[in-house]
Each structure stands twice: as structure tokens, then as C-alpha cells.
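Novice: One structure coming up, written as C-alpha cells, with questions to follow.
There are 2 protein chains.
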Amino acid sequence: MPEPAKHPAPDTGKPDKKKRAPRRPRWKQNPDAVQRDILINAISEFADRGLSGARVDAIAARTQTSKRMIYYYFGDKNGLYARALEAAYAEVRKGEEGLNLDHLPAAEALAKLAEFTFDHHRANPDFIRMVMIENIHNAEFVGASDMIRALNGAAIDQLTEICRRGAQDGSLRADLDPMQLHWQISAFSFFNVSNRPTFSALFGAALFTPETQVALRDDLVRMLVEAARRPAGTDGTGGK
Amino acid sequence: MPEPAKHPAPDTGKPDKKKRAPRRPRWKQNPDAVQRDILINAISEFADRGLSGARVDAIAARTQTSKRMIYYYFGDKNGLYARALEAAYAEVRKGEEGLNLDHLPAAEALAKLAEFTFDHHRANPDFIRMVMIENIHNAEFVGASDMIRALNGAAIDQLTEICRRGAQDGSLRADLDPMQLHWQISAFSFFNVSNRPTFSALFGAALFTPETQVALRDDLVRMLVEAARRPAGTDGTGGK
DNA sequence: GTCTTTTTGTACCATTTGGTTAATTTGGTC
DNA sequence: GACCAAATTAACCAAATGGTACAAAAAGAC
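Chains as they are written, first to last, in the numbering used here: chain A, 824 to 1063; chain B, 824 to 1063.
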């Protein structure tokens, strides 16, 4: 990770306050690193304070660069937010790549996907908060991003494939709706992170200890997979 | 609902712009109605735009009264927000009163409670959005309100009672945790409203037609109640 | 009625905040 | 090494915004 280029030397010449010869410190160009620096810190600030609550000056202060550069590269606050949102999606997406479900029996693939989603959401609270903020703003920016739509389309495709295999070999109900499944998995996994503050404030932190979280997750996955199997004990495939 | 008291007559005297004798229109005092007017519109504005995004001037413009009165009654923006949050909780709470679960078998009571929660959340999007905003702000204000804590304690008590009865007559598993049940019911019901914007933007509105919502709800309630029953088909109580 | 307290409207202010102007340096090219 | 576009810094600005000062009008006490 290349440093965002700053302060190579505090300027050897005298300060010289006069308008002539302001004698600024030397610096190196590094547009990519500067933009990444800005985006990373923008995500933090937006996730912390929301779109309206975030301050451009605060983002600038977090970075190694200046406010002017934010406007130089991203136009305005909303432009920065839109790019930060996409960056957050992309970042989270990277973490999903390792998951390989194709070789697993459908029911197990479903269980593994749900389990992974729960853990992954939990590990990326800033991303969750960005999505919360988007929802407060009626998904104005998510809707405008082709990239984000493509990313989520892939998630549905994954589930569609699982459903197809499950229906084919009879391990899962044939009338499952991939979108509804996605909705259910997301609901648990998302809520667990998004509403942790109010839930903790009202009922204490008991549900959020590592052990309880695992128990909660496993209960939910079991419940979900059970519901996705054939109605009664018709079959038995997929039982580990 | 008493009108918030305003403009009973547009002032009979001449306008008279001079500093002397401004000659304002007559008005009647109605502190309660004015405060309610402010709170209702504050909830709308905060729910629409978030705590930082909401503008005190915009709230004032929504009311029949003036910005000055907001500060007179609520001190500052945060004070108004805190009161609006409490008012939103209280308002939603009122809608929960009719629910009478004590005379139902435990499993049915659980089903009815879950079903009701789903519908009730769906019918109160502004309340959900206030809670979302609170979560963005780390539940700072929820945590500070005894009233809100009390309200939610009651929700847990309700579930505790159901669990007790269910364990006693064997219709529900004995190891159920009321708080976890509350978490599960809330997760579905809350997410369904809170994340509707992004979900719609990404996957279309199919999941949010009235019919699909009912189907979604019933699936979830069935799933949840099924998981809360005794492990296998041990018993059979509660089957309608 | 008169005096005090509460409630309301108008105009205003200080600060914050998103955004900009203009100068300066870098790094490459001819 | 002169020249130029892209990158960067520093200082600045106008508008928006939370909050107030002040005076006037109704209500309430006596």
C-alpha cells in the first residue's frame, strides 16, 4: 500500500509570508493513492455520521490530503458519497470471492451461504451502515449505480443455481423463490448488525457476545434450511 | 383533534409596518395542541431526512406555528428529536394495545404476535425510520429514555409469558429464550420496512405487493413457530 | 381593571459548511 | 530547458442553519 505522498521535507527556505514566493513544501504526485485515501476515509465518515451528518472538512482532516482534492476528484459531496458507496460494495464483494458452493449438495450450499452472509455482515459494520444510510435516503444512489446492481444480481444468481439443483435432486422444495430466500438470509444478517445499538441499549449486550452470536446464527440457519427442505420428511438427502 | 390554534382573523387594523404598534392578529392559547403539532411534524421531518438532515426551519414550515415556539417548548434541535422519538414510540405503542394473547394457546399466541408485529411495523414506516436513525446515532437517545426502555421491557414480558405457558403445557420448547425470539420476530418485521428502498431498487417491487407481503409474512411466522415447537413431532398441541 | 406570567411573531446573528479562486509544483514531452 | 497539462496547496466566500433578542399580545391572579 503506497503512502499517499506527503511532507517529503518541511521546506528548507524561510517561511516568507509575503504574497510573492509563498514557497510551498515539496510533494509527489500520486493520484490513485490520493483517491483511495479519500474514499477510505469518506466511507468511515459517512458510515459514522450519515450523508447529511458527514462533514467534508472532517473527511479531509482524516486524509493525508486536503479538502480541495476531494472536490478536484469527486466534484461535490454527493459525488463523493456515491463513489464511497460503490467502493464499500466493491470492498465487501472482494471478501465473498472465496466462497465456492457449486460442488456442495444444495441444502448444504444454502446453509453455508446463509452462515457466511451472517458472519460477513457482522465483520463489515461500516458497509451495513452505508446501506442503512442509503435506505434512509430511499436508495437514491444505489438505484443509480449499475455496478451495485450488477453485484447484487450475482447474489441472486447464486441462489437461483442452488434452488435449481435442490429442486432437481429433490433435496429442496421446488417452489422456492430465490429472491425470497435472499430476503430471509439478508433480514437476519443485516438486522443483527444494523439494530445492534438500539437492541443493546434496550436489552443489554447479551445477544452480542461471540458465543451467543454463533448460537443465534446456527439456530437461524437451521430454521431456514429446514423450511427450504421438502415439506415433511419426504426425502433425507443432504443430512450431514 | 383540536386545531393548533392559528389565524382566527387576519387583523382588522391597518398593517402598519412601523416598529410601534405592530398590531398582530388575535390568537388563542393552546399549548398542548401546539406541542403536538410540532411533534407530529418533527417526526415526519426527522423520519424523512434523519437527525442531521432535518432542518428546524423545515419543521417550523410544516407546522401552524413558528420556529420560535420549537425552541420555546423543546430547547434545541436535539431536545426536539428526543421528544419526537419518544412520541413515535408512544404512538406505535398505542396501536399495540388491542392485542390480547393471554387466552390463546402458547403457539398460537406466538404466531399471532409475530404476525401482528410484521403488519404493525409495515403500517408504521416513520417509526421504523426513526429507529433506523437512532441506530445510525448509536442509540444515544433511546438509551437515555426511561420511557422507551419501559415500553420495550413490556414486549419482552409478553414473550416471557408465552414461553412460560408453552414450556408448561409442552407445546413449545422449554429452552426458548424470549429475547432471542423477540430478536427473530423483530429482524423479519423490521428489515421488511427498513430495507425496502434498497431492496426495491435492486430487485424490483415484486416482494412488496400486498399479496406477496402476506405470503412472506405467513412463511416466516410458520417457520418461526415451527422452530419454537418441540424438536420433532413429539406432541401436537396447538395445531389449528 | 391592573399587574404578572406565559405565549407568540419579527428580525436578526454567529457559526458552520459546502464549495471556489488563484497560485504553485510536478512530471512528462518536444 | 522551455512549455504545458495534471496535481496540489492555501486562502477565501456566500449561503444555509441552529439559535436568540426583543417586544407585543393573550391569559390568569387578585
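Using N, Cα and C, we set each Cβ at its ideal position, and we do this for glycine too.
Every value quoted in this text rests on a predicted model; they were computed, and no experiment measured them.
Of all Cβ atoms in chain B, is any one closer than 9 Å to the Cβ of A:PRO1020?
Specialist: Taking the first sequence and counting its residues from 1, one reaches residue 1020 of chain A at position 197. At least one CB of chain B lies nearer than 9 Å to the CB of A:PRO1020.
Novice: Report, in whole angstroms, the separation of the C-beta atoms of A:ILE861 and A:TYR896, which I expect to be a contact under 8 Å.
Specialist: In the first sequence, counting from the first residue as 1, residue 861 of chain A sits at position 38. In the first sequence, counting from the first residue as 1, residue 896 of chain A sits at position 73. Contact between A:ILE861 and A:TYR896 holds: their C-beta atoms lie close to 7 Å from each other, under 8 Å.
Novice: Going along chain B in order, which residues have a C-beta closer than 9 Å to the C-beta of A:GLN1003?
Specialist: Looking up residue 1003 of chain A in the first sequence gives position 180. Neighbours of A:GLN1003 on chain B, chain order: LEU1030, THR1035, ALA1038, LEU1039, ASP1042.
Novice: Return the Cβ separation of A:PRO1020 and B:ASN958 in integer angstroms, given the expectation that the two are a contact with Cβ distance under 8 Å.
Specialist: Position 197 of the first sequence, counting from 1, holds the residue named residue 1020 of chain A. Position 135 of the second sequence, counting from 1, holds the residue named residue 958 of chain B. Taking the Cβ atoms as the reference, A:PRO1020 lies roughly 5 Å from B:ASN958, within the contact range of under 8 Å.
Novice: Shorter than 9 Å from the beta carbon of A:ARG996 to some beta carbon of chain B?
Specialist: Counting from one through the first sequence, the residue named residue 996 of chain A turns up at place 173. By this cut-off, A:ARG996 is not an interface position.
Novice: From the beta carbon of A:ILE893, is the nearest beta carbon of chain B less than 9 Å away?
Specialist: For the purposes of this step, residue 893 of chain A is taken as residue 70 along the first sequence, with counting starting at 1. Chain B, which has no Cβ nearer than 9 Å to the Cβ of A:ILE893, makes this no.
Novice: In chain A, what lies closer than 7 Å to B:ARG972 by C-beta?
Specialist: Residue mapping note: residue 972 of chain B aligns to position 149 of the second sequence, counting from 1. Correct list: LEU1025.
Novice: Measuring only the C-alpha atoms, how far is B:LYS890 from B:ALA883?
Specialist: The sequence position of residue 890 of chain B within the second sequence is 67, counting from 1. The sequence position of residue 883 of chain B within the second sequence is 60, counting from 1. Going from the Cα of B:LYS890 to the Cα of B:ALA883 covers about 5 Å.
Novice: Once the 5 residues before and after B:ALA844 are set aside, which same chain residues still bring their CB inside 7 Å of it?
Specialist: As a working mapping, residue 844 of chain B is identified with position 21 in the second sequence. A caution first: B:ALA844 carries a pLDDT of 41, below 50, which makes its placement in the model unreliable, though a value can still be read off. Within the same chain, B:ALA844 has no close Cβ partners at all.
Novice: Does B:GLU957 get closer than 9 Å to chain A when you measure Cβ to Cβ?
Specialist: For the purposes of this step, residue 957 of chain B is identified with residue 134 of the second sequence, where counting begins at 1. Chain A contact via Cβ: present.
Novice: List the residues of chain A that B:VAL954 touches, going by C-beta distances under 9 Å, in chain order.
Specialist: If you number the second sequence from 1, residue 954 of chain B lands on position 131. Near B:VAL954 (Cβ distances below 9 Å), the residues of chain A are ASN1018, THR1021.
Novice: Rounded to whole angstroms, how far is the Cβ of A:HIS944 from the Cβ of A:PHE1013, which I believe are closer than 8 Å?
Specialist: As a working note, residue 944 of chain A is residue 121 in the first sequence. As a working note, residue 1013 of chain A is residue 190 in the first sequence. About 6 Å separates the two Cβ atoms, so the contact holds.
Novice: Excluding five sequence neighbours on each side, which residues of the same chain lie with their C-beta closer than 7 Å to the C-beta of A:ALA934?
Specialist: Taking the first sequence and counting its residues from 1, one reaches residue 934 of chain A at position 111. Correct list, in chain order: VAL1044, VAL1048.
Novice: At the level of alpha carbons, what is the spacing between B:PRO854 and B:ARG952?
Specialist: Against the second sequence, residue 854 of chain B aligns to sequence position 31. Against the second sequence, residue 952 of chain B aligns to sequence position 129. Roughly 28 Å between the two C-alpha positions.
Novice: Which of the three DSSP states is assigned to A:LYS900 in this structure?
Specialist: Working through the first sequence from its first residue, we reach residue 900 of chain A at position 77. Looking at A:LYS900 - three-state DSSP - the assignment turns out to be helix.
Novice: Could you check what DSSP says for B:SER1009 in three-state terms: helix, strand or coil?
Specialist: Walking along the second sequence from the start, residue 1009 of chain B turns up at place 186. DSSP places B:SER1009 in helix when its eight states are reduced to three.
Novice: Please decide whether A:LEU1047 counts as near chain B, where near means a Cβ-Cβ distance under 9 Å.
Specialist: Taking the first sequence and counting its residues from 1, one reaches residue 1047 of chain A at position 224. It does: the Cβ of A:LEU1047 has a partner Cβ on chain B nearer than 9 Å.
Novice: Return the residue from the list B:GLU868, B:ALA937, B:LEU982 that minimises the CA-CA distance to B:ASP1042.
Specialist: In the second sequence, counting from the first residue as 1, residue 1042 of chain B sits at position 219. Out of B:GLU868, B:ALA937, B:LEU982, B:ALA937 has the C-alpha closest to the C-alpha of B:ASP1042.
Novice: Check the Cβ of A:ARG872 against every Cβ in chain B and list those closer than 9 Å, keeping chain order.
Specialist: The residue you call residue 872 of chain A lines up with position 49 of the first sequence. Among the residues of chain B, those whose CB is under 9 Å from the CB of A:ARG872 are SER875, ILE959, HIS960, following chain order.
Novice: Quick one: what's got a C-beta closer than 7 Å to A:ASP880's C-beta in the same chain, skipping five residues either side?
Specialist: Translated into the one-based positions of the first sequence, residue 880 of chain A becomes position 57. Taken in chain order, the residues that qualify are LYS890.
Novice: What is the DSSP secondary structure of A:SER968, counted as helix, strand or coil?
Specialist: Walking along the first sequence from the start, residue 968 of chain A turns up at place 145. The answer is coil: DSSP assigns A:SER968 none of H, G, I, E or B.
Novice: Counting only Cβ pairs nearer than 8 Å, list the residues of chain A close to B:ASN764.
Specialist: Here chain B comprises residues numbered 824 to 1063, so residue 764 of chain B is not present and cannot be evaluated.
Novice: Using a C-beta to C-beta distance shorter than 7 Å, which residues of chain B count as neighbours of A:PHE1013?
Specialist: Walking along the first sequence from the start, residue 1013 of chain A turns up at place 190. Chain B residues near A:PHE1013: PHE1014, ASN1018.
Novice: Just to confirm my understanding: we take B:SER1009, look at its own chain, exclude 5 residues before and 5 after, and list those with CB closer than 8 Å. What are they?
Specialist: Translated into positions along the second sequence, residue 1009 of chain B becomes position 186. Here the set comprises THR940.
Novice: Which residue wins for smallest C-alpha separation from B:ASN1117, given the options B:TYR912, B:ARG916, B:ALA877, B:ASN923?
Specialist: For chain B, the structure presents residues 824 to 1063; residue 1117 of chain B sits outside this window and is missing.
Novice: With a 10 Å radius around its C-beta and 16 neighbouring C-beta atoms as the bar for buried, classify B:GLU909 as buried or exposed.
Specialist: On the second sequence, position 86 is the one that residue 909 of chain B refers to. It counts as buried.
Novice: Would B:ALA1010 count as contacting chain A if we go by Cβ distances under 9 Å?
Specialist: As a working note, residue 1010 of chain B is residue 187 in the second sequence. Output row for B:ALA1010: interface = yes.
Novice: Starting from the N-terminal side, write out each stretch of the alpha helix (DSSP H) that is 4 residues or longer and does not extend beyond the region 846 to 896 of chain A.
Specialist: 854 to 876, 879 to 885
Novice: Indicate whether at least one CB of chain A lies closer than 9 Å to the CB of B:VAL965.
Specialist: The residue given as residue 965 of chain B occupies position 142 in the second sequence. Yes, B:VAL965 lies at the interface with chain A (some Cβ there is under 9 Å from its Cβ).
Novice: Quick check: the Cα distance between B:PHE1031 and A:SER867, rounded to an integer number of angstroms?
Specialist: Position 208 of the second sequence, counted from the first residue, corresponds to residue 1031 of chain B. Position 44 of the first sequence, counted from the first residue, corresponds to residue 867 of chain A. For B:PHE1031 and A:SER867, the distance between alpha carbons rounds to 32 Å.
Novice: Against chain B, with Cβ distances strictly below 9 Å, would A:GLN1007 count as a contact?
Specialist: As a first step, residue 1007 of chain A must be located in the first sequence, where it is residue number 184. Yes, A:GLN1007 lies at the interface with chain B (some Cβ there is under 9 Å from its Cβ).
Novice: Is A:ALA1050 close to chain B? Criterion is C-beta to C-beta, closer than 9 Å.
Specialist: Reading the first sequence from its first residue, position 227 is the one you call residue 1050 of chain A. So yes, A:ALA1050 belongs to the interface.
Novice: Across the region 962 to 981 of chain A and the region 1032 to 1039 of chain B, are there enough close Cβ pairs to call them in contact, namely three or more that are closer than 8 Å?
Specialist: no
Novice: If you draw a straight line from the C-alpha of A:ALA856 to the C-alpha of A:THR886, how long is it?
Specialist: Your numbering for residue 856 of chain A matches position 33 in the first sequence. Your numbering for residue 886 of chain A matches position 63 in the first sequence. Counting only the Cα atoms, A:THR886 lies some 11 Å from A:ALA856.
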